[in-house]
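Here the sequence shown is numbered in this note's numbering, starting from 158 and rising by one per residue.
A virtual CB, placed ideally from N, CA and C, is assigned to each residue, including glycine.
Being a predicted model, the structure only gives us computed values, none of them experimental.
Working notes, beginning with the structure itself.
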Amino acid sequence: MLLKDYFDVTKGYGVLATADAAGKVNVAVYARPHMIDEETAAFIMAEHLTHENLRANPWAAYSFLEAGEGWSGKRLYLKKVREEQDDAVIKEICRRCDYSRYDVKNRYIVYFHVEEVLPLIGSHQAG
Numbered sequence: 158m159l160l161k162d163y164f165d166v167t168k169g170y171g172v173l174a175t176a177d178a179a180g181k182v183n184v185a186v187y188a189r190p191h192m193i194d195e196e197t198a199a200f201i202m203a204e205h206l207t208h209e210n211l212r213a214n215p216w217a218a219y220s221f222l223e224a225g226e227g228w229s230g231k232r233l234y235l236k237k238v239r240e241e242q243d244d245a246v247i248k249e250i251c252r253r254c255d256y257s258r259y260d261v262k263n264r265y266i267v268y269f270h271v272e273e274v275l276p277l278i279g280s281h282q283a284g
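See below:
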């Protein structure tokens with residue numbers, strides 16, 4: 158199944174991990190990524206710690222746990238490639254754009270190259 162199809166239909170919960178320039182890690186709850194194509198994922202984010210970390214260190218990891226029984230899901234290893242601060246683009250691609258309950262001054266759409274995709278549990282075989 159293509160990543161776009163997977164994230165369009167699969168319900169679940171995700172976290173995005175980033176680190177600052179010194180390697181101090183932050184983990185934040187994030188919705189499913191917006192898959193632009195099979196190699197490009199985008200997240201809408203506020204001007205908080207995750208966004209600040211990505212300015213200093215472009216690497217991130219996204220862990221997605223499918224809703225329901227068991228431990229199914231995906232891990233995406235990501236590298237930031239660019240960002241935009243365009244409310245029209247954000248509204249065009251976001252699933253739920255009601256940010257009225259959040260005190261956020263600036264929102265960004267941050268694009269990542271998908272470096273690797275692994276299952277939530279286990280990994281590929283070396284060799």
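To the nearest angstrom, report how far apart glycine 284 and glutamate 272 are at their CA atoms.
Residue placement at glycine 284 cannot be trusted, given a pLDDT of 45 that sits under 50; the coordinates are not used to answer.
May I ask you to report which of helix, strand or coil DSSP gives lysine 161?
Helix, per DSSP.
Please go through the same chain and pick out, in chain order, the residues whose beta-carbon is closer than 7 Å to the beta-carbon of aspartate 238, but skip the five residues on each side of it.
It is worth fixing the name first, because residue 238 is valine in this sequence and not aspartate. The residues are Tyr268, Phe269, His270.
Restricting to Cα atoms, I'd like to know which of Leu173, Gly230, Ala213, Arg212 is closest to phenylalanine 164.
Answer by Cα proximity: Gly230.
Rounded to the nearest angstrom, how far is the Cβ of alanine 198 from that of leucine 159, given a contact under 8 Å?
Actually they do not touch by this definition, with Cβ atoms about 12 Å apart.
Would you kindly report the start and end of the unbroken beta strand (DSSP E) that includes leucine 235?
Segment 230–241, the beta strand (DSSP E) holding leucine 235.
Assuming tyrosine 219 contacts glutamate 241 under a Cβ cut-off of 8 Å, what Cβ separation, rounded to an integer in Å, is found between them?
The pair is not a contact, with the Cβ atoms about 19 Å apart (cut-off 8 Å).
Between the alpha carbons of leucine 222 and leucine 275, how many angstroms are there, rounded?
Taking the straight line joining both Cα atoms gives about 12 Å.
Is glutamate 209 near the ligand GDP, in the sense that its beta carbon is under 7 Å from a heavy atom of that ligand?
Questions concerning the ligand GDP fall outside what the structure shown contains, since it holds no ligand whatsoever.
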